[in-house]
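Taken in sequence, the protein lines are chains A and B. No gaps in the numbering here: position 59 of the first sequence is 59 in the working numbering, and each next residue is one more. No gaps in the numbering here: position 212 of the second sequence is 212 in the working numbering, and each next residue is one more. No residue lacks a Cβ here, since even glycine has one placed at the ideal position from N, Cα and C. Shown next, in structure tokens, is the structure this report addresses.
Number of protein chains: 2
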Amino acid sequence: MNKTVDEMSFSFAEENYIKAIFHLSNWGEISVSTNSIADQLNTKPASVSDMIKKLANKGVINYRKYQGVEITSKGKSLALQVIRKHRLWEVFLVEKLRFKWDEVHEIAEQLEHVKSPRLTDKLDEFLGYPKVDPHGDPIPNKNGEVKVGPKLGLSQMEEGSQGTVVQVDDSNPAFLKYLDKIGIYIGARIKVNERVEFDGSLELIIDNNQKQFVSSEAANNILVAKE
Amino acid sequence: MNKTVDEMSFSFAEENYIKAIFHLSNWGEISVSTNSIADQLNTKPASVSDMIKKLANKGVINYRKYQGVEITSKGKSLALQVIRKHRLWEVFLVEKLRFKWDEVHEIAEQLEHVKSPRLTDKLDEFLGYPKVDPHGDPIPNKNGEVKVGPKLGLSQMEEGSQGTVVQVDDSNPAFLKYLDKIGIYIGARIKVNERVEFDGSLELIIDNNQKQFVSSEAANNILVAKE
DNA sequence: AAATATTTTTAGGTGAACCTAAAAAGAAGT
DNA sequence: ACTTCTTTTTAGGTTCACCTAAAAATATTT
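If you want it as structure tokens, here you go:
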């Protein structure tokens, strides 16, 4: 008698809350505080308290007053569906409509809420079942399963080691534009030439020909697969 | 100081009202009653009265109490933008994602509200600047301009005359499925073989080989270009 | 022209998703 | 342990888009 997530209906706001909780909880691993949700969604804690009760009633989170929230398996499944749609639309926007990778997030935020399972699956098929979005984030399949290969932050790489860029932080368009400018893209081959002791910044060699300094902060947001 | 329509923001509900008013007014030709809007949108007249005031304040309709509403040029421009998006998405769904023509309306109703002028224009480009949607409805261009060729309802055709199907009513999925079944599609060549006096139904010859009877009601919803 | 019927508006209310301000619970510092 | 600070919840309010019921304006009939 307990309905599955795709037999239920969720508002845009509800979907955005679940997405935020899913991310803040590290894909469901840790519990999430009211304040952190309010922060993430640019709302006030009082609004979050309201919404949390609704989501708990719908069975997508567990909630005990003052104890933070945990996402349920139902909630995970909903979050993964929305994330799947978001990332598929991003692929569409970049590969088919020729948007740049720093332009697609905002539009995908709207498209991810379009309700039609058949649309999602047909879009997936049209795009050739992509495994990652334009920033290298993995795309959950129809059943919400995600395969994530081994990867580590550029800042964790040892001096002299090499890797291929597999993912970059997608939350800041300015950062993505900066990556464009210095020639970093998904698939770029990067060698960590030198680590500057003083501030942790790195000297990179990109695609075996271009020397480039990046801050440790930037390096943290570039993930590579080691060779 | 008066803002143009694309400098303003409209809710889904507001956009749906303007679309309804635009259609009911025959593209702005006649004024529209409160009841007819309520009818079209499955709401109550009282709700329409509320919304009408808001839309009048935004300058997309003219409104004097008890006198019905007229759409302004600003309103037309908004309606045409939404219709443009709706029809472009329908083309995408049918041509790229291989949906059937009776499946796309509902999904396009959601997609038409996605806000991003660049998205619309890039989609248009991706689709090759289509002139009509899968049901033959003309697609307004970027500036809201629509070219409509001469066409008439099948039921207006004389016995023995021929034409090409250029448009069909898209509001009823069952009707579209019926057209599929009897072999009528955009571009089909149709000869009106005989008109039955008694009920106005027609005997057609479709693509020079298939005889088919259709009711006058169905014939009214099939538009052809005469040879 | 008056009476009746229809249409439209107003008045007041609901739920969703937000808000501020105040109260309550929990965590931290001494 | 007790005071202080922080976090969270509650209480009560707002706007949006809807609703019902009643009142007002317009249309139609006789």
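*asked:* Looking at chain A, is there any beta carbon in it that lies within less than 8 Å of the beta carbon of residue 100 of chain B?
replied: no
*Over what stretch of residues does the beta strand (DSSP E) that includes residue 203 of chain B continue unbroken?*
202-206
*What is the rounded straight-line gap between the Cα of residue 101 of chain B and the Cα of residue 180 of chain B?*
9 Å
*By Cβ distance below 7 Å, which residues in the same chain neighbour residue 199 of chain A in space, the five residues on each side in sequence not counted?*
216
*What are the boundary residues of the beta strand (DSSP E) that residue 225 of chain A is part of?*
222-226
*Alpha carbon of residue 9 of chain B to alpha carbon of residue 115 of chain B, nearest angstrom*: 9 Å
*Any idea if residue 99 of chain A is buried or exposed, counting beta-carbon neighbours within 10 angstroms, 16 or more meaning buried?*
buried
_When you compare the CB positions of residue 91 of chain A and residue 127 of chain A, do they come within less than 8 Å of one another, or not?_
yes
*If you draw a straight line from the C-alpha of residue 74 of chain B to the C-alpha of residue 59 of chain B, how long is it?*
7 Å
_Proximity test, Cβ basis, 8 Å: residue 213 of chain B and chain A_ = no
*Please look up how many angstroms separate the CB atoms of residue 144 of chain B and residue 77 of chain B, rounded, as I've assumed it's under 8 Å.*
5 Å
*Specify whether the stretch 79-91 of chain A and the stretch 38-50 of chain A touch according to this definition: at least 3 beta carbon pairs, one from each stretch, less than 8 Å apart.*
no
*asked:* Looking at the strands, I want to know which residues DSSP matches up with residue 110 of chain A.
replied: BP columns for residue 110 of chain A are empty, so no partner.
*Which class does residue 129 of chain B belong to by DSSP, given the choice of helix, strand or coil?*
coil
_Under DSSP, the alpha helix (DSSP H) around residue 34 of chain A begins and ends at which residues?_
34-41
*Going by C-alpha distance, which of B:212, B:196, B:148, B:17 is nearest residue 225 of chain B?*
B:148
*Could you give the DSSP three-state label for residue 163 of chain A: helix, strand or coil?*
strand
_Short-range partners of chain B found in the stretch 123-141 of chain A, where Cβ spacing is below 7 Å_ = 123, 126
*Beta-carbon separation of residue 136 of chain B and residue 104 of chain B under 8 Å?*
no
*asked:* Taking the alpha carbon of residue 182 of chain A as the reference point, which residue from A:39, A:206, A:18 has its own alpha carbon closest?
replied: A:206
_Minimum C-alpha distance to residue 191 of chain B - residue among B:210, B:161, B:112_ = B:161
*How far does the beta strand (DSSP E) with residue 84 of chain A in it reach, from first residue to last?*
Segment 73-91 is the alpha helix (DSSP H) holding residue 84 of chain A; no beta strand (DSSP E) there.
*According to DSSP, is residue 17 of chain A helix, strand or coil?*
helix
*Taking residue 228 of chain A as the reference, give the member of A:64, A:69, A:193 with the closest Cα.*
A question about residue 228 of chain A goes unanswered here, because the residues of chain A that appear run from 1 up to 227.
*Please work out which residues of its chain come closer than 8 Å, Cβ to Cβ, to residue 2 of chain B, disregarding the five sequence neighbours upstream and downstream, and give them in chain order.*
59
*Shorter than 8 Å from the beta carbon of residue 116 of chain A to some beta carbon of chain B?*
yes
*Quick one: what's residue 153 of chain B bridged to in DSSP?*
B:223
*asked:* Buried or exposed, going by whether 16 or more other CB atoms sit within 10 Å of the CB of residue 87 of chain B?
replied: buried
*If you measure from the beta carbon of residue 96 of chain B to each beta carbon in chain A, is any gap under 8 Å?*
yes
*DSSP state of residue 185 of chain A, grouped into three classes?*
coil
*C-beta atoms of residue 212 of chain A and residue 204 of chain A nearer than 8 Å*: yes
*Which word fits residue 19 of chain B, buried or exposed, when buried means at least 16 other C-beta atoms lie within 10 angstroms of its C-beta?*
buried
_Assigned secondary structure, residue 70 of chain B (DSSP; H/G/I helix, E/B strand, else coil)_ = strand
_Extent of the continuous alpha helix (DSSP H) run through residue 54 of chain B_ = 45-57
*With a CB to CB cut of under 8 Å and the five nearest residues on each side skipped, what residues in its chain are close to residue 193 of chain A?*
159, 160, 202, 203, 204, 205, 211
*Flag this pair as yes or no: are the beta carbons of residue 142 of chain A and residue 121 of chain A separated by less than 8 Å?*
yes
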